[in-house]
Amino acid sequence: MSSNPSLRLKLQAVLRQVDWWLDGPILSPLRSLIAALVLAAGPWLLVIVTLILISWIAENRFPDEALEDMRLAVVYAFMLAPIVAAPVGIIAARTVADAEMPLEPSAIGALLLVACGVAGLTAEALVLIVVLVLGLSNPSLTLAFALLTSISAMMWVAFAVLAACKARRRLILSFSTGLIIALGLSVAVANHAGDASVLVWCFTTGIALCLALCLEPFLQTGHQLAKLREAGVQLRICARKTWPLAVGASLAIMGIWADKWVVWFGSGGQSSVAGFRHMPTYDSALFLAQLSALPGLASLAIYFEEPVRRAMDRFWAKLSNGVTLRAAKSSGRAVSEMIWTGVFRIMMTQFAVSAALLLLAPAIASAMGLRLDQFLILRMGIVGTLLHALFLAASGILVLCNAKMAFLVVQAAFLVANFSLSAILTSVIGVNALGFALASGLVSMIACLVAFETTKKIVGHLFLFGNDSI
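Counting in the numbering used here, the sequence shown runs from 49 upward without gaps.
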């Protein structure tokens, strides 16, 4: 018994030493970069890796067609869930962040319950539409797909609230634990299951555990009906002010998938045994191309979260202390220059990464066993991904300046451009990523011009045009 306290003290000393090293001048930026990578694309990367491992484990037990249906059910669920969760998550996160006083865990828990309920029910309605359009034929797989989509939507909402609460460690730990459980259950039942849909149920169980871990800190006390009603009122008030951002976020998610929808439902698209539309040659090559944006997205996330946020806080503090209009405009120009200088440097780095990958594209295609048409999609996809990263940077500036309607308009423009250009070019020259690249280039230029004009008038946007209280 006496050795336990001694062991605990030694363990705490080791952990403190590890924290000291991780907070050092070299490892601290690296840790921030890794955390940003996880938040920017970690869920998708972990899902893809988990699906590959599950397919590898079960390939001798199930036919390829069944495993394909399993993978597509998960991909469709993670495609549909953010469309619903993005607007609800933004409203819930804004409600938490804009509170005058830090909310108690029970109040955050009530907000989470209401927001997750709305997201889950809306996701089910969206799933019903997709099931009717596709005509899915496997009842067990369809039910698992519907439940996975609903739980995933609630999980994304919980992620947004956890990010607003600065609980990134819990977010990362919860998602990683959920996928480990999903993988473990799949390994356990792979040799005993009679249907590949069981693997989707295993995946659903892991995501449900992830959601439970996200909610656990905020659901320790009972939630009365009055608290839930109050949370609903707070969410409605916030929704009236932030609906352009919420709708714009949903359009942004749809814009990313627009070219894929065109290809899936075009003449070259395929239907799986259960009825899911897809096109493996296009999907795999473009997925590899879009991985090239990870350094830029992570750097942008760090830049907007730390240096830009601190500069904006200093800007607000200076204006709150009372300055002349000339001094306010001068401070606004300084903040604007700082924002664009950082974005320019990040995009130059991303350009270098994309250029290197373009040069290495033949070697990547050979190593991955890509065909000639996939190689061409990979190269054009890398170019389109670079331009889309610029578009996302400009969109982030619009959100930072609270230019809500401008953000909504540019997201709608990208959705329309990506869908229409992909449809036209696919019908004319066949399946390619040229539509995605042209849409990204065209709309990124428009978004940058709008963002630049917005930052030139940053004082007016913060105090007049984008002021929620006016």
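Note that CB positions come from ideal geometry on N, CA and C, so glycine has one too.
Assigned secondary structure, residue i (DSSP; H/G/I helix, E/B strand, else coil)
i	result
Val457	helix
Leu75	Low confidence applies here, because Leu75 scores a pLDDT of 48, under 50, leaving its location unreliable; read the following figure in that light. If DSSP states are grouped into helix, strand and coil, Leu75 belongs with the helices.
Arg216	helix
Ser319	strand
Arg325	strand
Phe313	coil
Gly183	coil
Gly417	coil
Trp69	Note that Trp69 has pLDDT 48, beneath the 50 cutoff, so the model's placement of it is unreliable and the number below is only indicative. Residue state, collapsed to three classes: helix.
Thr389	helix
Leu466	In the sequence under discussion, the amino acid at residue 466 is Asn, which differs from the Leu named in the question. In the structure shown, Asn466 sits in a helix (DSSP, three-state: H, G or I).
Thr170	helix
Met49	Because Met49 sits at a pLDDT of 41, beneath the cut-off of 50, its placement in the model cannot be relied upon, and the following sentence gives the value as read from the coordinates. In this structure, Met49 counts as coil in the three-state DSSP scheme.
Asp307	helix
Glu560	Past the boundaries of the shown model lies residue 560; the chain is included only from 49 to 518, so the question cannot be answered.
Ala238	coil
Gln272	coil
Ala403	helix
Thr372	coil
Phe208	According to the sequence shown, residue 208 is Ala rather than Phe. If DSSP states are grouped into helix, strand and coil, Ala208 belongs with the helices.
Ala244	coil
Phe251	helix
Presumed contact (8 Å Cβ cut-off) between residue i and residue j, rounded CB distance
i	j	result
Ala125	Leu196	4 Å
Val122	Val95	7 Å
Val205	Cys164	5 Å
Leu161	Leu276	6 Å
Leu435	Ser475	Not a contact, Cβ separation roughly 22 Å.
Ala481	Ile394	So it is not a contact: roughly 23 Å between Cβ atoms.
Val144	Val237	At roughly 38 Å, the Cβ-Cβ gap does not stay under 8 Å, so Val144 and Val237 are not in contact.
Cys286	Arg427	Not quite, the Cβ-Cβ distance comes to about 43 Å (not below 8 Å), so this is no contact.
Ala134	Ala297	4 Å
Gly225	Leu261	The sequence as given places Thr at residue 225; Gly does not occur at that position. So it is a contact: roughly 6 Å between Cβ atoms.
Val178	Leu101	Actually they are not in contact, since the Cβ atoms of Val178 and Leu101 sit about 26 Å apart, beyond 8 Å.
Leu283	Ile105	Their Cβ separation, rounded to whole angstroms, is 42 Å, which puts Leu283 and Ile105 out of contact at 8 Å.
Phe423	Ala415	Actually they are not in contact, since the Cβ atoms of Phe423 and Ala415 sit about 12 Å apart, beyond 8 Å.
Own chain partners of residue i with C-beta closer than 8 Å, once the 5 adjacent residues on each side are dropped
i	result
Ser320	Glu113, Glu116, Asp117, Leu120 and His326
Ala437	Ala341, Gly344, Leu345, Leu348, Met395 and Gln398
Leu406	Arg427, Ile430 and Val431
Val356	Met386, Ile387, Gly390 and Leu448
Beta-carbon contacts of residue i that lie in its chain and below 6 Å, excluding the five residues immediately before and after
i	result
Ile229	Gly254 and Leu257
Ala454	Leu446 and Val498
Phe352	Gly444
Ala279	Ala158, Leu159 and Val162
Ala359	Val383 and Met386
Phe110	Ala244
Met202	Cys164, Ala167, Gly168 and Leu259
Asn186	Ala322
Ser519	Here the chain comprises residues numbered 49 to 518, so residue 519 is not present and cannot be evaluated.
Ala442	Ala495, Cys496 and Ala499
Spatial neighbours of residue i in its chain, beta-carbon cut-off 7 Å, leaving aside the 5 residues before and after
i	result
Phe467	Ala306 and Val310
Ala400	none
Ser184	It should be pointed out that residue 184 corresponds to Leu in this sequence rather than to Ser. Hits under 7 Å: Thr190, Ala322 and Gly323.
Gly432	Ala481, Phe484, Ala485 and Ser488
Phe462	Gly303, Phe439, Ala487 and Val491
Gly316	Met327 and Val479
Best match in the options for proximity to residue i [C-alpha to C-alpha]
i	options	result
Ser234	Leu247, Phe223 and Phe352	Leu247
Ala294	Gly478, Ser488 and Val447	Val447
Leu418	Leu408, Thr502, Ala333 and Val491	Ala333
Pro265	Gly303, Arg218, Met302 and Ile304	Arg218
Thr397	Ile412, Ala341, Leu463 and Ser379	Ala341
Ala451	Ala411, Thr502, Val144 and Ala485	Thr502
Leu267	Leu348, Pro153 and Lys289	Pro153
Val457	Ala215, Val479, Ala129 and Ala300	Ala300
Ile506	Leu339, Leu405, Phe193 and Cys449	Cys449
Pro150	Ala212, Arg374, Gly429 and Leu367	Ala212
Ala409	Gly429, Phe500, Gly390 and Leu263	Gly429
Pro328	Gln338, Lys308 and Leu339	Lys308
Leu473	Ser402, Gly314 and Phe423	Gly314
Trp291	Leu176, Ala411 and Val136	Val136
Leu263	Leu231, Ile199 and Leu174	Ile199
Thr170	Lys214, Met416 and Ala194	Ala194
Leu273	Ala471, Phe423 and Ala155	Ala155
Chain B contact for residue i (CB, 8 Å cutoff)
i	result
Phe207	Judged by its chain identifiers, the structure shown contains no chain B, having just a single protein chain.
Worksheet entry | Segments assigned alpha helix (DSSP H), at least 4 residues, entirely inside the segment 103 to 165 | Runs found: 112 to 145.
Worksheet item: Which runs of the alpha helix (DSSP H), 4 residues or longer, sit entirely within the segment 424 to 458?
Response: Fully enclosed alpha helix (DSSP H) runs of 4 or longer: not present.
Discussion item. Threshold first: 4 residues or longer. Then list the alpha helix (DSSP H) segments lying entirely within the segment 468 to 507, N to C.
Written reply: The qualifying runs are 482 to 504.
Discussion item. Going residue by residue through the segment 332 to 362, where are the continuous alpha helix (DSSP H) segments of at least 4 residues, counting only ones entirely within it?
Written reply: Entirely contained in the segment 332 to 362, the alpha helix (DSSP H) runs reaching 4 residues are, in chain order, 342 to 353.
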